Amino acid sequence: MAKILEVNNLIVDYGIIRAIKGINLNVEEGTIVAILGANGAGKTSTIRTVNGIVKAASGEILFKGEKITNIEPYKLAARGIIQSPEGRLILNGLTVEENLMVGAYSVKSIVVETKDEEGNITKTRRSASQLKKEKLKEVYVLFPVLKERKKQQASTLSGGEQQMLAIGRALMGRPKLLLLDEPSLGLAPLIVKEIFEKIQQIKERGTTILIVEQNAYQTLKIADYVYVLELGKVKSEGTSKELLKDDQLVKAYLGG
952 MAKILEVNNL
962 IVDYGIIRAI
972 KGINLNVEEG
982 TIVAILGANG
992 AGKTSTIRTV
1002 NGIVKAASGE
1012 ILFKGEKITN
1022 IEPYKLAARG
1032 IIQSPEGRLI
1042 LNGLTVEENL
1052 MVGAYSVKSI
1062 VVETKDEEGN
1072 ITKTRRSASQ
1082 LKKEKLKEVY
1092 VLFPVLKERK
1102 KQQASTLSGG
1112 EQQMLAIGRA
1122 LMGRPKLLLL
1132 DEPSLGLAPL
1142 IVKEIFEKIQ
1152 QIKERGTTIL
1162 IVEQNAYQTL
1172 KIADYVYVLE
1182 LGKVKSEGTS
1192 KELLKDDQLV
1202 KAYLGG
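In this text, residue positions in the sequence shown follow the working numbering: the first is 952, and each later residue adds one.
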């Protein structure tokens, strides 16, 4: 599998405080990669630096082999790197569907090439309007409750529904790399289980995911590869199966 994201020797400072201390991580196309760790470990700083919200002091970030270090978030969104933020950040005063459509602001028309059996290539232009309608339909299939409540004020949704809306809004931008920052935050266990099932479905539909989470148990169930951060450094990494054999890790994060 090809690497879609590479983070090399990343350093992030907040004034005199060094939050990220030279970490390296890779995300392969079509996978879910998770960053786990306690509060203050550097998880959110890492994902926000990938997204351009936080600036790197040094190191480099590559997306599909191209350097994207410290590029503005709106330019990264146009390339297909889109984040569902911590805390959901639902836009009050807008309906559910209006919130979703805000997420599609960067979608532009594309030219699709198809080849017949004789090798002839046909080019077809698909408008931004078409692409947005198709993606909206996909989001409603993934999250039926959002379709049921599409005319409802988004601020009146439950916490779990707002998290679905935040993820759906990110999907409206047709991400090649979806960044999820603490999607389980503040949610009841049954809702958390449902959210993680939806994340697995998003991956199965072809979207690569980088997720930051404190809920290690649910994350290890869906992640293909995991990095565990501690005080701004990678303490351990590996597949979920490999990390579950680490007794210290299990005791620290799963209460084993």
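Backbone N, C-alpha and C define an ideal beta-carbon position, used for all residues, glycine too.
None of these values were measured; they are calculated from a predicted model.
Enclosing alpha helix (DSSP H) for Arg-1030 [first to last residue]: 1024–1030
C-alpha gap between Leu-1171 and Ala-1055, whole angstroms: 30 Å
As assigned by DSSP and simplified to three states, the class of Arg-1120: helix
Expected contact under 8 Å - CB spacing of Ile-1146 and Gly-1111 to nearest Å: 7 Å
Within 8 Å, strictly: CB atoms of Glu-980 and Ile-1012: no
Check whether Val-1027 and Met-1123 have beta carbons under 8 Å apart: It should be noted that the sequence gives Leu, not Val, for residue 1027. Result no, Cβ atoms of Leu-1027 and Met-1123 do not sit closer than 8 Å.
Exposure of Thr-1073, with buried meaning 16 or more beta-carbon neighbours within 10 Å: exposed
Backbone CA spacing between Thr-1159 and Gly-966 [nearest angstrom]: 33 Å
Beta carbon of Leu-976 nearer than 8 Å to that of Val-1005: no
Stretch-stretch touch, CB-based, cutoff 8 Å, three pairs: the stretch 1094–1109 with the stretch 995–1010: no
Beta-carbon proximity list for Lys-1184, same chain, < 6 Å, skipping 5 on both sides: Lys-972
C-alpha distance - Leu-1042 paired with Gly-1070, whole-angstrom precision: 48 Å
Secondary structure of Glu-1188, DSSP reduced to three states: strand
Nearest candidate by alpha-carbon position, reference Thr-1020, set Pro-1036, Ala-1029, Ile-1033, Thr-1000: Thr-1000
Nonlocal neighbours in the same chain, by C-beta distance under 6 Å from Tyr-1178, ignoring five residues either side: Leu-976, Ile-986, Val-1185, Glu-1188
Collapsed DSSP secondary structure at Lys-1086 in the structure displayed: helix
Counted within 10 angstroms of its Cβ, other Cβ atoms place Ile-968 as buried (16 or more) or exposed: exposed
Other residues of its chain near Gly-988: CB distance less than 7 Å, five sequence neighbours each side excluded: Lys-994, Val-1179, Leu-1180, Glu-1181
6 Å CB neighbourhood of Gln-1034 in its chain, flanking five on each side removed: Asn-1002, Leu-1130
Under the three-state DSSP convention, the category Arg-969 falls into: strand
For Asp-1132, the residue or residues it bridges with in DSSP: Val-1163
Interface flag, Ala-1174 vs chain B, CB-CB below 8 Å: No chain B is present in this structure, which holds just one protein chain.
Between the CA atoms of Gln-1151 and Leu-961 - distance to the nearest angstrom: 28 Å
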